[in-house]
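Same order as they appear, the protein sequences are chains R and A. This note's numbering numbers the first residue of the first sequence as 37 and each following residue consecutively. This note's numbering numbers the first residue of the second sequence as 20 and each following residue consecutively. Don't be surprised by glycine CBs; every beta carbon is placed ideally from N, CA and C. These numbers come from a predicted model, not from an experiment. Report on the structure given below.
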Amino acid sequence: MHPLMNRYRDAEQRRLAALLGVPDPAAPALTRRRFLQATGAAGLVIGLDLAVPGAARAAMPGVEGAATGPLAPNAFVRVGTDNLVTVICKHHEMGQGNTTGLATLVADELDADWSLVRTEYAPSDPKLYANLVFGDLQGTGGSSAIANSFLQYRSAGATARAMLVAAAAETWRVPAGEIRTAKNTLTHASGRRATYGEMAVAASRQAPPVKPELKPAARFVYIAKDRSTPRVDSPSKCNGTALYTADVKLPGMLTAVIAWPPGFGAKLVSFDATEAKQVKGVTDVLEVPEGVAVVATGTWAALQGRRALKVQWDESASRALDTDGLLAQYRTLATQAGTPFTKPAADAGAAAAPAKTVEAVYEFPFLAHATMEPMNCVAWLHDGMLETWSGHQFPTFDHMFAAKAAGLPMDKVKLHTLVSGGSFGRRANVWSDFTVAAVNVATAIGGRAPVRLQFTREDDTGAGLYRPMYVHAVKVGLDAQGRVASWQHTIVGQSIMAGGPMAEMMKDGVDPTSVEGVMPTIYDLPMLQGTLHSPVLPVRPLWWRSVGNTHTAYVMETMMDELAAAAGKDPLAFRLALLGKKPRAAGVLKLAADKAGWGKAGRAGVAQGIAVHESFETFVAQVAEVSMRNGKVKVERVVCAVDCGVAVNPDVIRAQMEGCIGFALGALYYSEVEIKGGRAAQRNFDTYRALRIHEMPRVEVHIVPSAEKPTGVGEPGVPPLAPAVANAVAKLGGPRVRRLPLTRSDLVET
Amino acid sequence: MSLSLTVNGARRDFDGDPDTPLLWVIRDELGLTGTKYGCGIAQCGACTVHVDGRTLRSCSAPVSAVAGRQITTIEGLGSRAAKAVQKAWVELDVVQCGYCQSGQIMSATALLEQKPKPSDTDIDHAMAGNICRCATYHRIRAAIHAASAQLAG
Numbered sequence: 037m038h039p040l041m042n043r044y045r046d047a048e049q050r051r052l053a054a055l056l057g058v059p060d061p062a063a064p065a066l067t068r069r070r071f072l073q074a075t076g077a078a079g080l081v082i083g084l085d086l087a088v089p090g091a092a093r094a095a096m097p098g099v100e101g102a103a104t105g106p107l108a109p110n111a112f113v114r115v116g117t118d119n120l121v122t123v124i125c126k127h128h129e130m131g132q133g134n135t136t137g138l139a140t141l142v143a144d145e146l147d148a149d150w151s152l153v154r155t156e157y158a159p160s161d162p163k164l165y166a167n168l169v170f171g172d173l174q175g176t177g178g179s180s181a182i183a184n185s186f187l188q189y190r191s192a193g194a195t196a197r198a199m200l201v202a203a204a205a206e207t208w209r210v211p212a213g214e215i216r217t218a219k220n221t222l223t224h225a226s227g228r229r230a231t232y233g234e235m236a237v238a239a240s241r242q243a244p245p246v247k248p249e250l251k252p253a254a255r256f257v258y259i260a261k262d263r264s265t266p267r268v269d270s271p272s273k274c275n276g277t278a279l280y281t282a283d284v285k286l287p288g289m290l291t292a293v294i295a296w297p298p299g300f301g302a303k304l305v306s307f308d309a310t311e312a313k314q315v316k317g318v319t320d321v322l323e324v325p326e327g328v329a330v331v332a333t334g335t336w337a338a339l340q341g342r343r344a345l346k347v348q349w350d351e352s353a354s355r356a357l358d359t360d361g362l363l364a365q366y367r368t369l370a371t372q373a374g375t376p377f378t379k380p381a382a383d384a385g386a387a388a389a390p391a392k393t394v395e396a397v398y399e400f401p402f403l404a405h406a407t408m409e410p411m412n413c414v415a416w417l418h419d420g421m422l423e424t425w426s427g428h429q430f431p432t433f434d435h436m437f438a439a440k441a442a443g444l445p446m447d448k449v450k451l452h453t454l455v456s457g458g459s460f461g462r463r464a465n466v467w468s469d470f471t472v473a474a475v476n477v478a479t480a481i482g483g484r485a486p487v488r489l490q491f492t493r494e495d496d497t498g499a500g501l502y503r504p505m506y507v508h509a510v511k512v513g514l515d516a517q518g519r520v521a522s523w524q525h526t527i528v529g530q531s532i533m534a535g536g537p538m539a540e541m542m543k544d545g546v547d548p549t550s551v552e553g554v555m556p557t558i559y560d561l562p563m564l565q566g567t568l569h570s571p572v573l574p575v576r577p578l579w580w581r582s583v584g585n586t587h588t589a590y591v592m593e594t595m596m597d598e599l600a601a602a603a604g605k606d607p608l609a610f611r612l613a614l615l616g617k618k619p620r621a622a623g624v625l626k627l628a629a630d631k632a633g634w635g636k637a638g639r640a641g642v643a644q645g646i647a648v649h650e651s652f653e654t655f656v657a658q659v660a661e662v663s664m665r666n667g668k669v670k671v672e673r674v675v676c677a678v679d680c681g682v683a684v685n686p687d688v689i690r691a692q693m694e695g696c697i698g699f700a701l702g703a704l705y706y707s708e709v710e711i712k713g714g715r716a717a718q719r720n721f722d723t724y725r726a727l728r729i730h731e732m733p734r735v736e737v738h739i740v741p742s743a744e745k746p747t748g749v750g751e752p753g754v755p756p757l758a759p760a761v762a763n764a765v766a767k768l769g770g771p772r773v774r775r776l777p778l779t780r781s782d783l784v785e786t
Numbered sequence: 020m021s022l023s024l025t026v027n028g029a030r031r032d033f034d035g036d037p038d039t040p041l042l043w044v045i046r047d048e049l050g051l052t053g054t055k056y057g058c059g060i061a062q063c064g065a066c067t068v069h070v071d072g073r074t075l076r077s078c079s080a081p082v083s084a085v086a087g088r089q090i091t092t093i094e095g096l097g098s099r100a101a102k103a104v105q106k107a108w109v110e111l112d113v114v115q116c117g118y119c120q121s122g123q124i125m126s127a128t129a130l131l132e133q134k135p136k137p138s139d140t141d142i143d144h145a146m147a148g149n150i151c152r153c154a155t156y157h158r159i160r161a162a163i164h165a166a167s168a169q170l171a172g
């Protein structure tokens with residue numbers, strides 16, 4: 037154990053650790069995290085782990101030993117003698133607000149006082165902290181954090197409450213049923229009263245309930261109560277104290293940057309470090325599997341060293357790769373049959389010739405995630421172990437690949453998960469690129485010191501791991517009544533899952549993330565025939581906020597408008613006629629239309645476009661109000677309706693819808709990584725542009741009241757935005773946009 | 020030769036490369052990590068600090084250029100306007116990932132210190148240099164107006 041920790045291994049910790057049955061009090065990640073947060077150990081709860089006492093825990097199945105910590109439910113909540121409630125969050129906070137959401141679930145069932153609730157991030161331990169949607173994998177993605185935790189975290193809170201109540205009943209010699217709880221306080225009609233902190237030790241001796249009773253919705257105090265639980269991370273993110281990977285400081289820590297291959301598939305030939313090593317502060321220049329690492333005492337020295345480094349690359353294999361060539365190939369593929377992703381139609385060939393045919397080819401670019409915090413990771417090899425600090429969105433993958441890179445067993449690797457400055461999918465990758473590269477640098481310097489690997493913006497944007505390029509070719513036949521009679525749909529684009537650890541989720545050669553939104557679709561289109569081509573490229577593909585829905589929703593929802601126009605019907609009515617089997621989709625569509633005043637005369641020069649989509653089991657419809665001046669698009673207002681089941685934190689849901697709308701609008705306007713000569717042509721915000729404040733429309737969010745199980749909101753606000761805007765542009769007399777971004781059609785200021 | 024800086028009211032000496040961008044001096048040398056690196060080319064505003072009360076993208080300013088000037092980082096904010104901005108930011112839960120928000124708050128504070136009642140156009144001009152990839156712009160605008168109202172009240 038490194039010496040820094042000794043300061044915190046005080047008597048109090050030892051006492052509590054003994055109570056917990058944990059032999060080494062510094063072993064849990066929380067001790068070190070607490071150090072890192074520089075909040076000071078003394079004033080904080082170490083936490084009295086109250087849900088399962090040592091003896092009960094030892095008797096529970098599946099517990100491998102006390103040192104690995106208690107099993108559920110107490111892996112999620114602790115109550116301290118200082119009356120603070122600590123919620124241990126298994127999900128990664130990258131801005132979407134799930135830390136607040138998970139704490140809300142516990143606090144509600146526990147009847148906690150929100151001002152006394154604290155949060156911390158769980159260590160990498162899939163036995164305790166798996167995402168229940170992902171099976172035995174600990175990770176955050178697919179807008180599933182609250183959805184999979186809804187009962188688990190409530191149960192954890194309810195268990196803690198039941199034990200506090202049982203302890204009070206025993207102490208006061210009154211029936212448990214007569215004890216009331218509210219705001220961290222237990223009360224009895226006799227006048228007895230105790231805080232949770234005062235009852236915590238006694239509660240820790242109680243047996244946990246076998247099946248804790250959960251509240252009916254009518255008794256919720258925080259869940260679905262608007263603004264009752266403000267974000268737990270607001271204060272630290274408004275005063276500069278929130279700790280990101282970039283901010284981690286360890287004694288003697290070095291900073292590394294890597295000279296990465298300039299193109300996709302470029303190979304290192306040789307390098308000359310003579311001048312780089314002359315830069316003051318540069319300590320090492322070393323080959324690593326990723327390229328050439330320049331290690332220094334500070335960031336600027338590392339960057340200057342990299343600038344002085346001479347590297348020869350072999351780009352002969354990569355130089356031919358370019359966007360224009362790829363697009364030509366994809367367009368050709370789109371005319372050919374690929375792997376079917378729908379069942380063959382029962383009456384194939386029997387359909388009568390359509391009265392009208394609508395055909396379109398759509399083209400989507402590579403997209404970088406462009407998180408505000410460029411990728412980074414701190415790695416420290418010491419005392420036969422490895423520790424990493426990063427925004428580990430998929431701890432299980434990062435843990436596995438870090439261990440492999442370090443040549444250590446997984447139990448000698450400790451991950452410290454910190455908040456990250458955005459991800460949008462980037463930090464959830466099955467190569468764990470930022471983690472592995474940091475471990476490789478730490479290994480290359482022989483574990484001499486902790487080392488922070490920092491990507492520059494250019495490194496990150498040029499690294500690949502993009503939302504893949506896609507081409508869709510769609511041909512739809514309408515009958516004489518304007519109803520859909522046939523639908524042929526071809527999709528061309530890299531598979532995100534193929535060739536990686538997620539490949540087993542593919543079925544019959546079809547990556548579901550390539551087709552989701554077309555198959556399945558919310559619309560009743562049994563005649564839809566789909567075929568897929570999944571070309572393999574040296575550019576690594578990755579999910580990007582809402583994944584396949586980023587392109588499928590655009591195609592389906594702009595096609596719906598084209599079909600409605602061809603059939604002479606209102607776009608809203610045309611959609612509703614096909615949504616008979618999806619009442620929740622119809623519901624959000626009608627709500628958004630109603631709130632936006634769909635069909636009513638609006639302001640002159642402003643047109644409304646509408647779109648609806650289901651992703652991650654959440655339904656979102658948006659009406660975009662768009663004007664055009666001098667041929668340039670301006671989105672003035674977006675009215676959004678969302679149905680995500682029980683709205684656990686309404687204000688977080690609104691924030692996610694607002695953010696999704698701005699994120700998607702920026703991509704629609706500007707985002708494209710072009711590949712030229714095998715290299716990414718856009719590397720920084722000057723060419724890979726993001727939406728700015730003056731381009732942000734007014735946003736109005738309406739949440740459908742619902743008792744359905746909660747579903748995610750981090751991504752589902754993205755898919756409908758671009759087609760809603762494109763549909764309004766067509767209404768204003770602009771082109772039917774089939775190639776993104778809008779810069780390709782000269783529809784935005786550049 | 021050593022440079023003398025005034026950061027958050029305290030004198031700090033720096034004897035490294037005078038071309039080092041102020042950002043890396045603040046973060047790596049002075050340990051003030053609230054100011055963030057986002058792009059290195061003054062495009063995103065995550066590194067925004069105040070120099071003599073005006074915003075500066077610290078990633079693109081050599082430290083030698085600000086020697087002897089009053090530098091304020093997020094850690095050193097204390098003016099009435101700054102407090103109103105931070106309060107409004109928390110009350111409206113502006114933040115999401117939060118990484119850009121130090122820079123946003125620095126820009127918003129400088130705006131309100133110069134123009135206590137900014138129009139939407141003033142906000143556009145003052146804030147357009149600060150990118151938020153979470154697109155919290157809707158709430159940033161609302162929070163600036165709320166802070167302005169608080170200052171007037």
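- Message: Which residues in chain R have a C-beta closer than 8 Å to the C-beta of T39(A)? List them in chain order.
- Response: In the second sequence, the residue the question calls residue 39(A) occupies position 20. The contacting residues are W336.
- Secondary structure at F721(R), three-state DSSP: helix, strand or coil? Numbered from 1 along the first sequence, position 685 holds the residue referred to as residue 721(R). Note: F721(R) maps to coil in three-state DSSP.
- Enumerate, from N- to C-terminal direction, the unbroken beta strand (DSSP E) stretches of 3 or more residues contained entirely within the region 137-198 of chain R. 153-157
- Should M541(R) be labelled buried (16 or more other beta-carbon atoms within 10 Å of its own) or exposed? For the purposes of this step, residue 541(R) is taken as residue 505 along the first sequence, with counting starting at 1. That one is exposed.
- What residues in the region 253-278 of chain R have a beta carbon less than 9 Å from any beta carbon of chain A? R263, P266, R267, D269, S270, P271, S272, K273, C274, N275, G276, T277 and A278
- Under a CB-based cut-off of 8 Å, is V624(R) close to chain A? Position 588 of the first sequence, counting from 1, holds the residue named residue 624(R). No - not a single Cβ of chain A is within 8 Å of the one on V624(R).
- Could you tell me which of N167(R), L768(R), I729(R) and A332(R) sits nearest to I481(R), measuring between CA atoms? Taking the first residue of the first sequence as position 1, residue 481(R) is located at position 445. Among N167(R), L768(R), I729(R) and A332(R), the Cα nearest to that of I481(R) is on A332(R).
- Query: If you draw a straight line from the C-alpha of R734(R) to the C-alpha of K626(R), how long is it?
  - Reply: Working through the first sequence from its first residue, we reach residue 734(R) at position 698. Working through the first sequence from its first residue, we reach residue 626(R) at position 590. In a straight line, the C-alpha of R734(R) is about 20 Å away from that of K626(R).
- Task: Kindly indicate the opening and closing residues of the alpha helix (DSSP H) around L704(R).
- Result: Counting from 1 along the first sequence, the entry for residue 704(R) is found at position 668. That run of the alpha helix (DSSP H) goes P686 to Y706.
- Message: Just to make sure I have the definition right: I need the residues of chain A whose C-beta is within less than 8 Å of the C-beta of Q132(R). Which are they?
- Response: On the first sequence, position 96 is the one that residue 132(R) refers to. What Q132(R) touches in chain A: Q115.
- Task: Measuring alpha carbon to alpha carbon, tell me which of S121(A), Q115(A) and I90(A) ends up nearest Q105(A).
- Result: Looking up residue 105(A) in the second sequence gives position 86. It is S121(A) whose Cα lies nearest to the Cα of Q105(A).
- What does N220(R) reach in chain A if we use C-beta pairs closer than 7 Å? On the first sequence, residue 220(R) is found 184 positions in, with the first residue counted as 1. The premise fails here: N220(R) is roughly 22 Å from chain A at the closest Cβ pair, so nothing lies under 7 Å.
- Query: First and last residue of the alpha helix (DSSP H) that includes H435(R)?
  - Reply: In the first sequence, the residue the question calls residue 435(R) occupies position 399. Residues P431 to A442.
- Might you give, ordered along the chain, the residues of its own chain that have their beta carbon closer than 6 Å to the beta carbon of K450(R), omitting 5 neighbours on each side? Reading the first sequence from its first residue, position 414 is the one you call residue 450(R). E423, listed in sequence order.
- Task: Determine, using beta carbons only, whether I689(R) and L757(R) come nearer to each other than 8 Å.
- Result: Here the question's residue 689(R) lines up with position 653 in the first sequence. Here the question's residue 757(R) lines up with position 721 in the first sequence. Contact flag unset, no.
- Item | Cβ neighbour criterion (16 or more within 10 Å) applied to D12(R) | Residue coverage of chain R in this structure runs from 37 to 786, which leaves residue 12(R) outside it and unanswerable.
- Task: State buried or exposed for E234(R), treating a residue as buried only when at least 16 other CB atoms are found within 10 Å of its CB.
- Result: Position 198 of the first sequence, counted from the first residue, corresponds to residue 234(R). Under this definition E234(R) is a buried residue.
- Item | C-beta atoms of M199(R) and A239(R) nearer than 8 Å | Translated into the one-based positions of the first sequence, residue 199(R) becomes position 163. Translated into the one-based positions of the first sequence, residue 239(R) becomes position 203. In this structure, A239(R) lies closer than 8 Å to M199(R) by Cβ.
- Item | Same chain, Cβ closer than 6 Å to D38(A), five either side skipped, listed in chain order | Translated into the one-based positions of the second sequence, residue 38(A) becomes position 19. Here the set comprises P81.
- Quick one: which chain A residues come within Cβ less than 9 Å of L614(R)? Numbered from 1 along the first sequence, position 578 holds the residue referred to as residue 614(R). Simply none; closest approach about 31 Å.
- Message: Considering only DSSP beta bridges, list what F300(R) is partnered with.
- Response: The sequence position of residue 300(R) within the first sequence is 264, counting from 1. F300(R) pairs with nothing; no bridge assigned.
- Message: For a quick check, are the C-beta atoms of S167(A) and L111(A) less than 8 Å apart?
- Response: Position 148 of the second sequence holds residue 167(A). Position 92 of the second sequence holds residue 111(A). In this structure, L111(A) does not lie closer than 8 Å to S167(A) by Cβ.
- Query: Relative to chain R, which residues along the region 61-78 of chain A have a C-beta separation below 9 Å, given in chain order?
  - Reply: Q62, C63 and A65
- With 8 Å as the threshold, decide whether the Cβ of V85(A) is near any Cβ in chain R. Within the second sequence, numbered from 1, the residue matching residue 85(A) stands at position 66. Closer than 8 Å: no.
- What does S456(R) reach in chain A if we use C-beta pairs closer than 9 Å? Position 420 of the first sequence, counted from the first residue, corresponds to residue 456(R). Residues of chain A passing the Cβ test: C116 and Y118.
- Task: Using the Cα positions of N666(R) and Q62(A), report the straight-line distance between them to the nearest angstrom.
- Result: One-based indexing of the first sequence puts residue 666(R) at position 630. One-based indexing of the second sequence puts residue 62(A) at position 43. Approximately 27 Å between the Cα atoms of the pair.
- Nonlocal neighbours in the same chain, by C-beta distance under 8 Å from R30(A), ignoring five residues either side: Position 11 of the second sequence, counted from the start, is the residue given in the question as residue 30(A). Excluding sequence neighbours, R30(A) sits near S23 and L24.
- Query: Does the beta-carbon distance from M693(R) to G753(R) come in below 8 Å?
  - Reply: Taking the first residue of the first sequence as 1, we reach residue 693(R) at position 657. Taking the first residue of the first sequence as 1, we reach residue 753(R) at position 717. Taking 8 Å as the Cβ cut-off, M693(R) and G753(R) qualify as a contacting pair.
- Query: In terms of residue numbering, what span does the beta strand (DSSP E) encompassing S663(R) cover?
  - Reply: For the purposes of this step, residue 663(R) is taken as residue 627 along the first sequence, with counting starting at 1. Residues T654 to R665.
- Is there a Cβ from chain R that is less than 8 Å from the Cβ of G28(A)? Counted from its first residue, the second sequence places residue 28(A) at position 9. Closer than 8 Å: no.
- Message: To test your reading of the DSSP string, which unbroken beta strand (DSSP E) runs of 3 or more residues are found completely within the region 443-473 of chain R?
- Response: 449-453
- Nearest CA to the CA of A370(R): which residue from G566(R), D269(R) and R342(R)? For the purposes of this step, residue 370(R) is identified with residue 334 of the first sequence, where counting begins at 1. It is G566(R) whose Cα lies nearest to the Cα of A370(R).
- Message: Contact between the region 355-367 of chain R and the region 314-334 of chain R is defined here as three or more beta-carbon pairs at a separation below 8 Å; is this criterion met?
- Response: no
- Item | Rounded straight-line distance, which links the Cα of V121(R) to that of A94(R) | Numbered from 1 along the first sequence, position 58 holds the residue referred to as residue 94(R). Numbered from 1 along the first sequence, position 85 holds the residue referred to as residue 121(R). Here the model assigns A94(R) a pLDDT of 33, short of 50, so the residue's position is not dependable and the matter cannot be decided.
- Message: I'd like to know whether the C-beta of T319(R) is nearer than 8 Å to at least one C-beta of chain A.
- Response: Stepping through the first sequence from its first residue, residue 319(R) is reached at position 283. Answer no: the Cβ-Cβ gap between T319(R) and chain A never drops below 8 Å.
- Minimum Cβ-Cβ distance from H157(A) to chain R less than 8 Å: Here the question's residue 157(A) lines up with position 138 in the second sequence. At least one chain R Cβ lies under 8 Å of H157(A).
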